[in-house]
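Asks:
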Amino acid sequence: MTEIPIVQGFGMLFSSWEPVFFALLGTLIGILAGAIPGLTASAIISLMIPITFYMDTLSALAFIYTISKSASFGGSIPAILFNTPGTPQASATQLDGYPLTRQGKQSKALRTAVIASAIGDTFSELLLIFGAIFIAFYALKMGPPEYAAVYFCAFVIISSVIGSSIAKGMISTLLGILFAMIGYDSITAEQRYTFGYDRLEDGLSFVPVLLGLFVMSEVLIQVENRIAIKGDTSIAPPSRNPEDNRLTWPEFKSILPTIARSTGYGTVIGALPGIGATVAVFVAYSEARRASKHPERFGKGTIEGVAACEAANNATSGANIIPLLTLGIPGSTVAALLSGVMLIHGITAGPQVFQTHGPTVFGLFAAGLLCIATYLVVGYWGSVAIGRLIAMVPAQLVYPFIFITCFVAAFALRQTMSDLAVMLVFGFVGYGMKKFDFSIPAFIIAFILAEGAEQALRQSMMLSDNGALVFLERPIALAFFALGILTVVMRMRQLRRHSAALRDAPAPAD
Amino acid sequence: MDKTARNDAISGVLVLLVTGAFASVTGDIYVDPLDPGFSSVDFPIMVLSLLTAFSLTLIGKSIPALWRSGWKLYEPDEASLILKFVVPLVLVGGVYIALMTMFQYPLPTFLATVVALVMFDNRGWTRLLVIPLIAALGYYIVFYALLGLHEPPGTVWAYETRWFTEPIRDFFGIG
Chain A
172 MTEIPIVQGF
182 GMLFSSWEPV
192 FFALLGTLIG
202 ILAGAIPGLT
212 ASAIISLMIP
222 ITFYMDTLSA
232 LAFIYTISKS
242 ASFGGSIPAI
252 LFNTPGTPQA
262 SATQLDGYPL
272 TRQGKQSKAL
282 RTAVIASAIG
292 DTFSELLLIF
302 GAIFIAFYAL
312 KMGPPEYAAV
322 YFCAFVIISS
332 VIGSSIAKGM
342 ISTLLGILFA
352 MIGYDSITAE
362 QRYTFGYDRL
372 EDGLSFVPVL
382 LGLFVMSEVL
392 IQVENRIAIK
402 GDTSIAPPSR
412 NPEDNRLTWP
422 EFKSILPTIA
432 RSTGYGTVIG
442 ALPGIGATVA
452 VFVAYSEARR
462 ASKHPERFGK
472 GTIEGVAACE
482 AANNATSGAN
492 IIPLLTLGIP
502 GSTVAALLSG
512 VMLIHGITAG
522 PQVFQTHGPT
532 VFGLFAAGLL
542 CIATYLVVGY
552 WGSVAIGRLI
562 AMVPAQLVYP
572 FIFITCFVAA
582 FALRQTMSDL
592 AVMLVFGFVG
602 YGMKKFDFSI
612 PAFIIAFILA
622 EGAEQALRQS
632 MMLSDNGALV
642 FLERPIALAF
652 FALGILTVVM
662 RMRQLRRHSA
672 ALRDAPAPAD
Chain B
17 MDKTARNDAI
27 SGVLVLLVTG
37 AFASVTGDIY
47 VDPLDPGFSS
57 VDFPIMVLSL
67 LTAFSLTLIG
77 KSIPALWRSG
87 WKLYEPDEAS
97 LILKFVVPLV
107 LVGGVYIALM
117 TMFQYPLPTF
127 LATVVALVMF
137 DNRGWTRLLV
147 IPLIAALGYY
157 IVFYALLGLH
167 EPPGTVWAYE
177 TRWFTEPIRD
187 FFGIG
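Taken in sequence, the protein lines are chains A and B. Residues in the first sequence are numbered from 172 upward in steps of one, following this note's numbering. Residues in the second sequence are numbered from 17 upward in steps of one, following this note's numbering.
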C-alpha cells in the first residue's frame, strides 16, 4: 500500500530524537526571539544558520523553519503587553492588543492571538502539504525558457513591490545579481570580478553576506539610534474577573468568521512573492473592521482586531514556502534563508525536490505541524511569563552580544578570516541600504537566484537558433513575462496615485 | 533640505561608482571566440547597463529638488551621529578581526565585548568585566569546544587550547 507522504514525513521526523528536538528547540527560540523588539526572525535565523552546519538535513531545515513560524506569533507578545511590536508584522496587533492589556485583559488578548495564529498557520500548512506537490507536478514540465521567464517575473515583482521606489527596488535586485557573479562562472568556469584577489575566486559566501546585511546592519542602526530601554515595561495587573483572563467559547465562535477571512487573505498574499506578512496583516485588519458589526470598537481593544492580525500573520508562514518548493523562487526573506540552508545541505529548491528529497520535505512539513501544536500550548499558558522574561533583558545588552555573535557565526561556515571581513563590509553596506531606503530582501533573493537565472537564460539561448525569439515560441514563458510587466505598470500607477493624493491633500490647519 | 532627493542623489552616485568599478574589470572576463550565443560576459554587461540606467534615473529625479533646496546635502547632527557611533563600531569590528588573527579568539573577544557594551551605554564593573568574561568563555565553549571550529594559530601569540576543549568534548561524548 502506498504511504501517504505526510505520514511518511512524520515517520521521518520521529525516526530519531534529533529532528524532533531541534524542531521543538526552534519553536522555543522563535517565540523568544520574536518577542524581543528589534530582533527580526530573519536576523535570528541568520545567526542560527551556522549552527545548522553540524546537524543532519531534516534537523537543520526543521530548526530554521520552526524558528520562522513561531517568531511570527512571538512578535505579538510585546505588541500586546508593552505596545512594542516584536516583529514588523505585529505592529497591527498592538492596535487592539495593548488597549486590552490596559483593561487588564492581557491573558484574553494573548490567548486570542495564539489561537488565531495556530488556526491560520494550520490552514496554510495544510495548503502547503497538499497543494505544493500538485503545483510542482506541472512546474516540472517547464524548460529553461519558462524558468528564465519565471526568474524575470520574480525579480521584477520583488523589485517593484517591496519598498516605496521601483528604481531603488530594481537597483537592490541588480546589485544582488552583480555581487553573486563574483567568482567562477558556473557554465564556463571562467573567473569573473575577483579584482585580482584569490579569496574571491570561490565567490562571496552566502552566510557572511546574510549576516552582514540583516544582522550587523541592524546593530549599526541601533548604535546610531542610541538605543535605550524605552517605554514602560511593567505589565498592567490582570483583571479579577475570570472571564477577562480567558477566551470563552461564545467569544471564540464570534471571532471564527474573522479568523477564517483573515486566514484567506494571509494565505493568498503569503503565496505571492515579495508581498510579505506586514501587508497581509494590515489588509486583514482593515477588512475585518469593514466587515465587523462593531467597527467603532477597533483600535480600542477588541479581540476581533487581534484575531484578524494574528490569523493573517501566521497564515503567510506556510504559503510563503509554496513558490520556493514549486518554482525554486523564494518569495520572502525567510524562504530565501531556508533555500540557503537547503543549498548548504545539498538540496536544490524547486519542483524536483519532491522527487529527489520527498521524505525530507514532508518531514519538514511534519515539523511545521509539530511547531504549531507546540507554540499553541506554550503560548496559551506561558505568554505572560515570556513577556516578563523579555522585559528583564535590557536591549543595551542584547545588541553587543549580537555584534560579537556575528563574527563567530560568519567564521563557522568556511573558517576563514576573510569571511569576517566580508560580513563587516556588508554590515556597513546594509546600514547604508537601510538609511537610503534600498531593499535588503530584494538584494538577498536576487543574490540567491542569480546563478539559476543566468543559467536558465543562457540555456534558453542555446536551445534555439533564433536567440531571444525562443521566448515568443513558449506561451507559459510569455505569460510570466507579461505578469512581471503588468505588475510593474500597476505599481507605477499606484505610486503615481499616491504621490498625487499627497500633493492634493489640504495643508494642515495652523 | 529635501532628504529623499539628497538620499537619491548620493545613493545614485554610489551605485554608479560600484557599477564603474565592476565595469572596469569586465574586459578581463575571458570570452571563447567560438562560443555561440550568450557568453560569460553578456549577462554581466546586461546587469551593469541596467544598473547605470536606474542610477542615472535616480540622480536625474533628485536634481530638481536639490536645486530648489539650494544643493544642501547633509545636516551636521546627522553626520556627527554616524561619525561618533557607526564608523567607530565598524572600526572596532575591523580591529577585532585583526586582533583575532594575531592573538586567537578568547582575548580579542573579551576586549571587543567590553568596547561594544560601552558603545551601547553599559556601565559598571559587572557589565563591563563579568559579562564579557562569561561571554568570551561561553562562545569559546559552544563554537570551538562543542561545535569543533578550528582556531587558526595567532601570528603574534599562538597557543594550544586542546587541554581545555578535549575534556569538554569527552564530557559530552563528542568524538
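The beta carbon of each residue, even a glycine, is placed where N, CA and C say it ideally should be. Source: prediction; values computed, not measured.
Which of the three DSSP states is assigned to A/ILE177 in this structure?
Replies: Helix.
Asks: Taking Cβ-Cβ distances below 8 Å as the criterion, which residues of the stretch 656 to 667 of chain A are in contact with chain B?
Replies: So nothing in the stretch comes that close.
Asks: For A/SER295 versus A/PHE244, is the C-beta distance shorter than 8 Å?
Replies: Their beta carbons are not under 8 Å apart, which means A/SER295 does not touch A/PHE244 by this criterion.
Asks: Could you give the distance in angstroms between the alpha-carbon of A/GLY623 and the alpha-carbon of A/MET352?
Replies: Each residue's alpha carbon lies about 11 Å from the other.
Asks: Relative to the C-alpha of B/LEU19, which candidate in B/VAL108, B/THR142, B/PHE119, B/GLU91 has its C-alpha closest?
Replies: The residue you asked about is not Leu; residue 19 of chain B is Lys in the sequence shown. B/LYS19 has its Cα closest to that of B/GLU91, out of B/VAL108, B/THR142, B/PHE119, B/GLU91.
Asks: So the alpha helix (DSSP H) A/GLY552 belongs to, where does it begin and stop?
Replies: It should be noted that the sequence gives Trp, not Gly, for residue 552 of chain A. Where A/TRP552 is concerned, the enclosing alpha helix (DSSP H) stretches over 529 to 563.
Asks: Are the C-beta of A/ARG585 and some C-beta of chain B separated by less than 8 Å?
Replies: No, no contact with chain B.
Asks: A/LEU184 to A/ALA556, Cα distance in whole Å?
Replies: Those two C-alpha atoms are separated by around 30 Å.
Asks: Taking Cβ-Cβ distances shorter than 9 Å, what residues in chain B pair up with A/LEU568?
Replies: The answer, in chain order, is LEU133, PHE136, ASN138, ARG143, ILE147.
Asks: Alpha carbon to alpha carbon, how far is B/TYR112 from B/TRP173? Give it in angstroms, no decimals.
Replies: Computed Cα separation, rounded: 15 Å.
Asks: Return the residue from the list A/MET661, A/GLN362, A/ALA562, A/ARG370 that minimises the CA-CA distance to A/ASP590.
Replies: Nearest option by C-alpha distance: A/ARG370.
Asks: Counting only C-beta atoms, is A/GLU625 closer than 8 Å to chain B at any point?
Replies: At least one chain B Cβ lies under 8 Å of A/GLU625.
Asks: Using a Cβ-Cβ cut-off of 8 Å, state whether B/ALA128 counts as contacting chain A.
Replies: True, the Cβ-Cβ gap to chain A drops below 8 Å.
Asks: According to a CB-to-CB cut-off of less than 8 Å, which residues of the stretch 603 to 624 of chain A neighbour chain B?
Replies: Answer in chain order: GLY603, LYS606, PHE607, ASP608, PHE609.
Asks: Quick one: using the 10 Å Cβ neighbour count with 16 as the cut-off for buried, is A/VAL564 buried or exposed?
Replies: With fewer than 16 other Cβ atoms within 10 Å, it is exposed.
Asks: Run through DSSP, which three-state label would A/TYR355 get?
Replies: If DSSP states are grouped into helix, strand and coil, A/TYR355 belongs with the strands.
Asks: Looking only at its own chain, which residues have a Cβ that is under 8 Å from the Cβ of A/ASP681, when we skip the five neighbours before and after it?
Replies: Low local confidence applies: a pLDDT of 45 at A/ASP681 is under 50, so the model's placement there is unreliable, with the coordinate-based value given in what follows. If we look at A/ASP681 and ignore the five residues flanking it on each side, it has no Cβ neighbours.
Asks: Just to confirm before moving on: does the CB-CB distance between A/ILE358 and A/GLN567 stay below 8 Å?
Replies: No; because the gap between Cβ atoms is not below 8 Å, this pair is not in contact.
Asks: Between A/GLY347 and A/LEU418, what straight-line distance do the alpha-carbon atoms span, to the nearest angstrom?
Replies: C-alpha separation (whole angstroms): 47 Å.
Asks: To the nearest angstrom, how far is it from the Cα of A/ALA242 to the Cα of B/ILE147?
Replies: When rounded, the distance between both Cα atoms is 27 Å.
Asks: Show which residues of chain B have a CB atom less than 7 Å away from the CB atom of A/TYR225.
Replies: Result: LEU163.
Asks: Would you report the Cα separation of A/ALA459 and A/ALA284, rounded to the nearest angstrom?
Replies: Approximately 15 Å between the Cα atoms of the pair.
Asks: Between the stretch 499 to 507 of chain A and the stretch 192 to 199 of chain A, do three or more beta carbon pairs fall short of 8 Å?
Replies: Too few Cβ pairs lie closer than 8 Å, so no.
Asks: Just checking A/GLN260 against the ligand PLP - is the residue's beta carbon closer than 7 Å to any of the ligand's heavy atoms?
Replies: Here there are no bound small molecules, and the ligand PLP is not part of this structure.
Asks: Considering only the beta carbon of each residue, do B/LEU10 and A/ILE342 sit closer than 8 Å?
Replies: No information on residue 10 of chain B is available, as it lies outside the stretch 17 to 191 that chain B covers here.
Asks: Please return the same chain residues whose Cβ sits closer than 7 Å to the Cβ of A/GLU467, not counting the five positions on each side in sequence.
Replies: Cβ within range, chain order: n/a, list empty.
Asks: Around the C-beta of A/ASP373, are 16 or more other C-beta atoms found within 10 angstroms, so that it is buried, or is it exposed?
Replies: By the 10 Å Cβ count, A/ASP373 comes out exposed.
Asks: With H, G and I counted as helix, E and B as strand and the rest as coil, what does DSSP make of A/ARG397?
Replies: Reduced to three states, the DSSP call for A/ARG397 is coil.
Asks: Using beta carbons (cut-off 8 Å, strictly below), is B/TRP173 in contact with chain A?
Replies: Chain A contact via Cβ: absent.
Asks: Out of A/TYR225, A/PRO176, A/SER217, point me to the one whose CA is closest to A/PHE193's CA.
Replies: Closest by alpha carbon: A/TYR225.
Asks: Scan the stretch 443 to 458 of chain A for residues whose Cβ lies nearer than 8 Å to a Cβ of chain B and list them as they occur along the chain.
Replies: Here the close residues number zero.
Asks: Beta-carbon within less than 6 Å of A/VAL321's beta-carbon, same chain only, minus the 5 sequence neighbours each way: which residues are those?
Replies: Excluding residues within five positions, the ones whose Cβ falls inside 6 Å are LEU498, PHE651.
Asks: Residues in the stretch 20 to 39 of chain B with C-beta within 9 Å of chain A's C-beta atoms, listed in sequence order?
Replies: Under the 9 Å Cβ criterion, the stretch 20 to 39 of chain B contributes THR20, ASN23, ASP24, ILE26, SER27, GLY28, LEU30, VAL31, VAL34, THR35, ALA37, PHE38.
Asks: So which residues of chain B does A/TYR322 contact, with C-beta pairs closer than 7 Å?
Replies: Chain B residues near A/TYR322: none, gap ~12 Å exceeds 7 Å.
Asks: Kindly list the residues whose CB is nearer than 7 Å to the CB of A/MET313, restricted to its own chain and excluding five residues on each side of it in sequence; keep chain order.
Replies: Answer for A/MET313: ILE647, listed in chain order.
Asks: I'd like the list of long-range same chain contacts for B/SER78, defined as Cβ closer than 6 Å, with 5 residues on each side in sequence excluded.
Replies: Cβ neighbours of B/SER78 beyond the five flanking positions: ALA21, ASP24, ALA25.
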